[in-house]
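Visitor: Before we start, here is the structure in question, set down as C-alpha coordinates.
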Amino acid sequence: MRVELQMLALSTALGLGQIVLSSHAASLRYGCRWAASARDQAVPPLTGVAARLERALRNFMETFLLFAAAVLTANLIDCHSWMTVWGAQLYFWGRLAYVPLYAIGVPLVRSMAWNVAIIGIILVLLGLV
(Lines of atoms letter the chains of each structure in order from A and count residues from 1; the text may use other names and numbers.)
(Lines give C-alpha, C1' and ligand atoms only; values in the text may rest on other atoms or scores of the structure.)
Protein backbone atom coordinates (compact mmCIF):
# COMPACT_ATOMS: atom_id res chain seq x y z
CA MET A 1 0.00 0.00 0.00
CA ARG A 2 1.32 3.42 -0.90
CA VAL A 3 2.28 5.89 1.79
CA GLU A 4 -0.51 8.27 0.77
CA LEU A 5 -3.16 5.59 1.27
CA GLN A 6 -1.57 4.57 4.58
CA MET A 7 -1.83 8.18 5.74
CA LEU A 8 -5.44 8.27 4.56
CA ALA A 9 -6.20 5.13 6.59
CA LEU A 10 -4.42 6.54 9.64
CA SER A 11 -6.28 9.83 9.24
CA THR A 12 -9.56 7.94 9.08
CA ALA A 13 -8.63 6.17 12.32
CA LEU A 14 -7.69 9.53 13.82
CA GLY A 15 -11.11 10.90 12.88
CA LEU A 16 -12.81 7.92 14.48
CA GLY A 17 -10.73 8.44 17.59
CA GLN A 18 -11.75 12.09 17.69
CA ILE A 19 -15.42 11.12 17.42
CA VAL A 20 -15.02 8.77 20.39
CA LEU A 21 -13.08 11.33 22.45
CA SER A 22 -15.54 14.12 21.71
CA SER A 23 -18.62 12.03 22.44
CA HIS A 24 -17.19 10.66 25.69
CA ALA A 25 -16.19 14.14 26.81
CA ALA A 26 -19.76 15.35 26.14
CA SER A 27 -21.16 12.33 27.97
CA LEU A 28 -18.98 13.06 30.99
CA ARG A 29 -20.20 16.65 30.97
CA TYR A 30 -23.92 15.93 30.54
CA GLY A 31 -24.14 12.49 32.15
CA CYS A 32 -25.01 8.95 31.12
CA ARG A 33 -28.76 9.60 31.03
CA TRP A 34 -28.26 12.35 28.46
CA ALA A 35 -25.90 10.16 26.41
CA ALA A 36 -28.48 7.34 26.32
CA SER A 37 -31.42 9.65 25.63
CA ALA A 38 -32.86 10.96 22.38
CA ARG A 39 -31.23 14.30 23.31
CA ASP A 40 -34.40 16.28 22.70
CA GLN A 41 -33.92 18.54 25.69
CA ALA A 42 -31.80 21.68 25.47
CA VAL A 43 -28.54 21.54 27.36
CA PRO A 44 -26.04 24.30 28.12
CA PRO A 45 -23.19 24.62 25.64
CA LEU A 46 -20.13 22.50 26.25
CA THR A 47 -17.21 24.22 27.92
CA GLY A 48 -13.57 23.45 28.59
CA VAL A 49 -11.94 20.34 27.16
CA ALA A 50 -15.24 18.88 25.94
CA ALA A 51 -15.95 22.01 23.89
CA ARG A 52 -12.43 22.11 22.51
CA LEU A 53 -12.60 18.42 21.51
CA GLU A 54 -15.91 19.08 19.75
CA ARG A 55 -14.43 22.05 17.85
CA ALA A 56 -11.30 20.03 16.96
CA LEU A 57 -13.52 17.28 15.55
CA ARG A 58 -15.56 19.78 13.55
CA ASN A 59 -12.33 21.26 12.18
CA PHE A 60 -11.03 17.78 11.27
CA MET A 61 -14.23 17.04 9.35
CA GLU A 62 -13.81 20.29 7.38
CA THR A 63 -10.33 19.35 6.17
CA PHE A 64 -10.54 15.56 5.96
CA LEU A 65 -12.83 15.46 2.92
CA LEU A 66 -10.43 17.67 0.99
CA PHE A 67 -7.48 15.52 2.01
CA ALA A 68 -9.28 12.28 1.15
CA ALA A 69 -10.35 13.62 -2.25
CA ALA A 70 -6.79 14.71 -3.05
CA VAL A 71 -5.23 11.40 -1.98
CA LEU A 72 -7.84 9.28 -3.75
CA THR A 73 -7.44 11.35 -6.91
CA ALA A 74 -3.67 10.86 -6.78
CA ASN A 75 -4.18 7.13 -6.36
CA LEU A 76 -6.78 6.97 -9.13
CA ILE A 77 -4.52 8.65 -11.67
CA ASP A 78 -1.45 6.78 -10.36
CA CYS A 79 0.29 9.97 -9.32
CA HIS A 80 2.94 9.21 -6.72
CA SER A 81 5.73 11.70 -6.03
CA TRP A 82 7.64 13.26 -3.17
CA MET A 83 4.94 15.94 -3.02
CA THR A 84 2.07 13.50 -2.56
CA VAL A 85 4.04 11.44 -0.03
CA TRP A 86 5.19 14.44 2.03
CA GLY A 87 1.80 16.10 1.71
CA ALA A 88 -0.04 13.07 3.03
CA GLN A 89 2.39 12.69 5.91
CA LEU A 90 2.24 16.38 6.81
CA TYR A 91 -1.55 16.24 6.87
CA PHE A 92 -1.68 13.24 9.18
CA TRP A 93 1.02 14.37 11.60
CA GLY A 94 -0.32 17.93 11.66
CA ARG A 95 -3.82 16.69 12.46
CA LEU A 96 -2.49 14.25 15.07
CA ALA A 97 -0.61 17.06 16.83
CA TYR A 98 -3.62 19.38 16.56
CA VAL A 99 -5.92 17.27 18.77
CA PRO A 100 -3.98 17.35 22.06
CA LEU A 101 -2.81 20.91 21.44
CA TYR A 102 -6.40 22.06 21.04
CA ALA A 103 -7.66 19.89 23.92
CA ILE A 104 -5.23 21.41 26.40
CA GLY A 105 -5.68 24.91 24.96
CA VAL A 106 -2.30 25.74 23.40
CA PRO A 107 -3.16 28.62 21.04
CA LEU A 108 -0.22 29.45 18.74
CA VAL A 109 1.34 26.01 18.35
CA ARG A 110 -2.12 24.56 17.66
CA SER A 111 -2.49 26.97 14.74
CA MET A 112 0.92 25.94 13.46
CA ALA A 113 -0.15 22.28 13.51
CA TRP A 114 -3.28 23.23 11.56
CA ASN A 115 -1.11 25.03 8.99
CA VAL A 116 1.14 21.98 8.64
CA ALA A 117 -1.93 19.88 7.79
CA ILE A 118 -3.19 22.46 5.27
CA ILE A 119 0.25 22.61 3.64
CA GLY A 120 0.01 18.83 3.37
CA ILE A 121 -3.25 19.05 1.41
CA ILE A 122 -1.75 21.72 -0.82
CA LEU A 123 1.32 19.56 -1.51
CA VAL A 124 -0.84 16.59 -2.51
CA LEU A 125 -2.83 18.85 -4.85
CA LEU A 126 0.34 20.34 -6.34
CA GLY A 127 1.63 16.83 -6.87
CA LEU A 128 -1.38 16.18 -9.12
CA VAL A 129 -0.37 18.95 -11.52
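With our numbering, letter number 15 in the sequence shown gets 18, and the count goes up by one each step, no holes.
Ideal Cβ placement from N, Cα and C applies to all residues, glycine included.
Residue 8 and residue 78 look like a contact to me (Cβ under 8 Å); what is the Cβ gap, rounded to whole Å?
Guide: The pair is a contact, with the Cβ atoms about 6 Å apart (cut-off 8 Å).
Visitor: Within this structure, are the beta carbons of residue 127 and residue 90 separated by less than 7 Å?
Guide: Yes, the Cβ-Cβ distance between residue 127 and residue 90 is below 7 Å.
Visitor: Looking only at its own chain, which residues have a Cβ that is under 7 Å from the Cβ of residue 18, when we skip the five neighbours before and after it?
Guide: Excluding sequence neighbours, residue 18 sits near 63, 67.
Visitor: Shortest alpha-carbon distance to residue 22 belongs to which of 56, 104, 75, 73?
Guide: It is 56.
Visitor: Quick one: Cα of residue 119 to Cα of residue 93, how far?
Guide: One C-alpha to the other measures close to 6 Å.
Visitor: Determine, using beta carbons only, whether residue 113 and residue 99 come nearer to each other than 7 Å.
Guide: Cβ distance not < 7 Å, so residue 113 and residue 99 don't count as in contact.
Visitor: Taking only the alpha-carbon atoms, compute the straight-line gap between residue 111 and residue 76 and give it to the nearest angstrom.
Guide: Using only the alpha carbons, I get a separation of about 32 Å.
Visitor: Sort 50, 96, 13 by Cα distance to residue 30 and report the nearest one.
Guide: When only C-alpha atoms are compared, the closest one is 50.
Visitor: Can you check whether the CB of residue 59 is closer than 7 Å to the CB of residue 102?
Guide: Yes; because the gap between Cβ atoms is below 7 Å, this pair is in contact.
Visitor: Anyone know if the C-beta pair for residue 52 and residue 33 falls short of 7 Å?
Guide: Contact flag unset, no.
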